[in-house]
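Working notes, beginning with the structure itself.
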Amino acid sequence: MKYFSVRIIFHYALGLFSVTALQSAAQSSSDHEKFARPKLVVGIVVDQMRYDLLWRFWDQYSGGGFKRLVKEGFLCENARFNYFLTVTAVGHSTIYAGTEPSIHGVVDNFFFDRTSQQAVYVMTDSTVKTVGNINATTGMSPFRLMSTTVTDELKLVSTTSKVIGIAEKDRSAMLPAGHFADGAYYFDAATGNWISSTWYMNQLPEWLQQFNQSKKINEYVSTDWKLLLPRSAYSMCTNDTTPFEHPLKGEVLPVFPHKLGKDSYGNLPFTPFGNTMTKDVAVEAIKNEKLGKRNVTDFLCISFSSTDLIGHWFGPNSLEVADCYLRLDRDLEVFLKLLGETLGKENVLVFLTADHGGAINPGFGKSHKLSGGVMLSDSLLDEANQYVSSFFGKGNWISSIMPQQVYLNKPAIGLTKFSYEEVAKKAADFMMLQPGILCITSPAYNLNTCSPTVQSGILNGYYPERSGDLFYSMKPGWIDWIFEEGTSHGTVFAYDQHVPLIWYGWHIQPGASAEKADMADVAPTISNWLRIAFPSGCTGNPLSFIPLK
Numbered sequence: 031m032k033y034f035s036v037r038i039i040f041h042y043a044l045g046l047f048s049v050t051a052l053q054s055a056a057q058s059s060s061d062h063e064k065f066a067r068p069k070l071v072v073g074i075v076v077d078q079m080r081y082d083l084l085w086r087f088w089d090q091y092s093g094g095g096f097k098r099l100v101k102e103g104f105l106c107e108n109a110r111f112n113y114f115l116t117v118t119a120v121g122h123s124t125i126y127a128g129t130e131p132s133i134h135g136v137v138d139n140f141f142f143d144r145t146s147q148q149a150v151y152v153m154t155d156s157t158v159k160t161v162g163n164i165n166a167t168t169g170m171s172p173f174r175l176m177s178t179t180v181t182d183e184l185k186l187v188s189t190t191s192k193v194i195g196i197a198e199k200d201r202s203a204m205l206p207a208g209h210f211a212d213g214a215y216y217f218d219a220a221t222g223n224w225i226s227s228t229w230y231m232n233q234l235p236e237w238l239q240q241f242n243q244s245k246k247i248n249e250y251v252s253t254d255w256k257l258l259l260p261r262s263a264y265s266m267c268t269n270d271t272t273p274f275e276h277p278l279k280g281e282v283l284p285v286f287p288h289k290l291g292k293d294s295y296g297n298l299p300f301t302p303f304g305n306t307m308t309k310d311v312a313v314e315a316i317k318n319e320k321l322g323k324r325n326v327t328d329f330l331c332i333s334f335s336s337t338d339l340i341g342h343w344f345g346p347n348s349l350e351v352a353d354c355y356l357r358l359d360r361d362l363e364v365f366l367k368l369l370g371e372t373l374g375k376e377n378v379l380v381f382l383t384a385d386h387g388g389a390i391n392p393g394f395g396k397s398h399k400l401s402g403g404v405m406l407s408d409s410l411l412d413e414a415n416q417y418v419s420s421f422f423g424k425g426n427w428i429s430s431i432m433p434q435q436v437y438l439n440k441p442a443i444g445l446t447k448f449s450y451e452e453v454a455k456k457a458a459d460f461m462m463l464q465p466g467i468l469c470i471t472s473p474a475y476n477l478n479t480c481s482p483t484v485q486s487g488i489l490n491g492y493y494p495e496r497s498g499d500l501f502y503s504m505k506p507g508w509i510d511w512i513f514e515e516g517t518s519h520g521t522v523f524a525y526d527q528h529v530p531l532i533w534y535g536w537h538i539q540p541g542a543s544a545e546k547a548d549m550a551d552v553a554p555t556i557s558n559w560l561r562i563a564f565p566s567g568c569t570g571n572p573l574s575f576i577p578l579k
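Set out below in structure tokens:
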């Protein structure tokens with residue numbers, strides 16, 4: 031009898047739950063019917079934008095750029111990547127594929143290819159050619175991205191929707207635009223033109239050819255880079271002359287004004303005018319492709335790359351980085367105004383985020399009594415092989431040491447009496463002797479000295495076919511970089527993982543939340559609102575706490 035009563039209660043509860051679930055589903059369906067799809071989705075990725083940079087320059091921002099996005103949009107205050115290596119190609123892939131590198135396969139900007147025994151750029155593709163520069167010897171494509179993207183899924187369900195990617199970096203244009211895009215355009219410093227790949231097209235669209243032929247680029251390089259505001263407005267920055275900054279090509283000192291000059295296209299991406307050029311190309315794309323003007327949803331992916339290059343050269347505490355963000359803020363103001371005037375704010379869904387953050391310069395840190403340092407992983411290979419050879423005999427036991435990864439020379443080891451595990455252990459011992467290394471882990475050889483948090487981040491970035499055999503995490507404050515000046519990124523720490531995430535326009539209700547948002551949640555959130563399939567490798571979840579009105 032007692033068992034019977036329990037069953038009655040259980041089934042009653044189950045029925046009540048089912049009714050509630052059906053009501054909830056009906057409400058969700060009703061909401062979807064209420065909120066018509068946006069006419070245009072605009073994804074904006076600011077390369078190397080740490081979350082705190084949103085606020086560091088807040089008082090100097092205009093009212094129509096970052097401030098407008100925050101005040102009129104919804105801010106996710108605790109958006110993070112959950113893996114290393116936090117670098118450009120990986121970040122863009124994660125945002126748009128909705129999953130970690132352990133699934134989408136883009137593990138770094140460069141990875142060591144075990145077949146060719148050399149470092150390979152993640153975008154190189156011998157089966158395609160460059161469009162727009164006949165002298166380019168290497169083609170680029172997103173073929174190594176193993177998951178579909180939210181942009182791919184939009185094209186699969188709506189073939190007339192247009193998807194376009196625009197960025198100074200090829201990886202930042204192609205990976206967001208995905209495999210089926212109508213175009214992905216990136217900057218060629220050798221010619222000063224915007225180019226593409228036969229992966230997408232055989233010739234550039236007429237409007238982009240006209241942009242190139244206009245030589246508007248000379249307008250961007252004809253003006254010296256001076257501070258936008260009076261020097262007193264940059265009190266949050268270091269002095270202009272510091273030992274923590276790297277000069278631009280042709281400069282003796284990294285100080286204002288930075289002179290460009292006609293045809294100095296190589297330095298352009300290292301100035302805020304590279305972002306302005308990107309914005310201008312995006313505007314041309316909207317106008318000429320009639321994005322958001324047809325009875326379908328279009329998708330424009332924009333990445334502002336100059337913030338990253340300036341950050342690398344000068345560091346986040348520099349006048350240059352501050353001025354770059356103030357000028358980007360003004361570019362965003364112009365761009366958001368255009369969207370509102372031509373399409374209507376309610377018809378455009380905008381999200382702004384970053385592909386990764388960046389550390390402070392270790393020298394700057396030391397001057398403030400903080401720990402840290404610079405290591406150059408590439409320089410350790412010979413010493414590492416000498417160390418391992420002292421145990422197993424002279425040989426090239428390690429093929430490559432790249433940032434936070436060690437690749438064993440498996441073909442050579444296989445010809446000896448020693449096991450991969452034995453060699454891996456000695457390689458790990460060598461790496462742990464380096465002053466900047468916190469811990470080592472190896473999924474393949476059951477080695478681990480990392481905490482669960484660090485190990486989890488490493489495993490999320492592990493794709494066996496392309497990743498190293500050993501992974502090491504640097505200590506907080508340490509960077510793997512080629513200079514003592516400037517900065518880099520790539521770690522599991524907050525300064526590399528914590529980035530802004532702002533939603534704006536369409537039916538987004540203003541507000542903010544400190545609830546955790548994984549960056550793999552961006553793509554399924556958009557997919558949910560567009561009512562299309564999640565990307566094929568998606569592990570993220572829709573951000574249900576973002577209110578719609």
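When you line the sequence shown up against our numbering, it's residues 31 to 579, in that order.
C-beta: ideal position from N, C-alpha, C; glycine also.
As the structure is a prediction and not an experimental result, all values here were calculated from the model.
If residue i sits next to residue j, beta carbons under 8 Å apart, how far is it from one beta carbon to the other, in whole angstroms?
i           : j           : result
residue 553 : residue 128 : 3 Å
residue 70  : residue 368 : At roughly 12 Å, the Cβ-Cβ gap does not stay under 8 Å, so residue 70 and residue 368 are not in contact.
residue 143 : residue 115 : Going by Cβ atoms, the distance from residue 143 to residue 115 rounds to 16 Å, so no, they are not a contact pair.
residue 286 : residue 257 : 6 Å
residue 362 : residue 96  : 7 Å
residue 151 : residue 130 : With a Cβ gap of about 21 Å, residue 151 and residue 130 do not count as contacting.
residue 345 : residue 391 : 4 Å
residue 221 : residue 163 : 5 Å
residue 560 : residue 67  : 6 Å
residue 107 : residue 534 : 15 Å between Cβ atoms; not a contact.
residue 513 : residue 456 : Going by Cβ atoms, the distance from residue 513 to residue 456 rounds to 31 Å, so no, they are not a contact pair.
When you compare each of the options to residue i by their alpha carbons, which one comes out closest?
i           : options            : result
residue 281 : 370, 297, 189      : 297
residue 518 : 337, 417, 568      : 337
residue 348 : 267, 342, 154, 388 : 267
residue 404 : 384, 428, 423, 433 : 433
residue 382 : 92, 93, 100        : 100
residue 366 : 80, 378, 83, 480   : 378
residue 188 : 563, 478, 451      : 563
residue 213 : 193, 201, 224, 220 : 193
residue 356 : 166, 510, 261, 560 : 261
residue 358 : 160, 333, 371      : 333
residue 122 : 556, 571, 550      : 550
residue 255 : 236, 232, 273, 291 : 291
residue 75  : 385, 155, 177, 219 : 385
Assign residue i to one of three DSSP states: helix, strand, or coil.
i           : result
residue 221 : coil
residue 331 : strand
residue 574 : coil
residue 277 : coil
residue 160 : strand
residue 55  : With a pLDDT of only 42 at residue 55, under 50, the local geometry of the prediction cannot be trusted, and the value read off the model is given with reservation. If DSSP states are grouped into helix, strand and coil, residue 55 belongs with the helices.
residue 357 : helix
residue 403 : strand
residue 114 : coil
residue 303 : helix
residue 210 : coil
residue 562 : coil
residue 427 : coil
residue 440 : helix
residue 122 : helix
residue 325 : coil
residue 342 : helix
residue 593 : Absent from the structure is residue 593, since the part of the chain shown begins at 31 and ends at 579.
residue 250 : helix
residue 464 : coil
residue 395 : helix
residue 542 : strand
residue 389 : coil
Give the DSSP bridge partners of residue i, in chain order.
i           : result
residue 380 : 72, 534
residue 469 : 503
residue 231 : Partner(s): none; residue 231 has no beta bridge.
residue 140 : 151
residue 508 : 403
residue 547 : 109
residue 266 : In DSSP, residue 266 forms no bridge with anything.
residue 226 : 161
I'd like to confirm something about residue i: is its beta-carbon nearer than 7 Å to some heavy atom of the ligand MG, or not?
i           : result
residue 225 : Absent from the structure shown: the ligand MG. Ligands present: none.
ask   = Do the region 299–319 and the region 230–246 touch if we need at least three Cβ pairs shorter than 8 Å?
value = yes
ask   = Is the region 169–183 touching the region 205–213 in the sense that three or more CB pairs, one from each, lie closer than 8 Å?
value = yes
key: Contact the region 463–473 vs the region 486–501: 3+ CB pairs below 8 Å   = yes
inquiry  = Could you check whether the region 521–535 touches the region 75–85, counting it as contact only if at least three pairs of C-beta atoms, one from each stretch, sit closer than 8 Å?
reply    = yes
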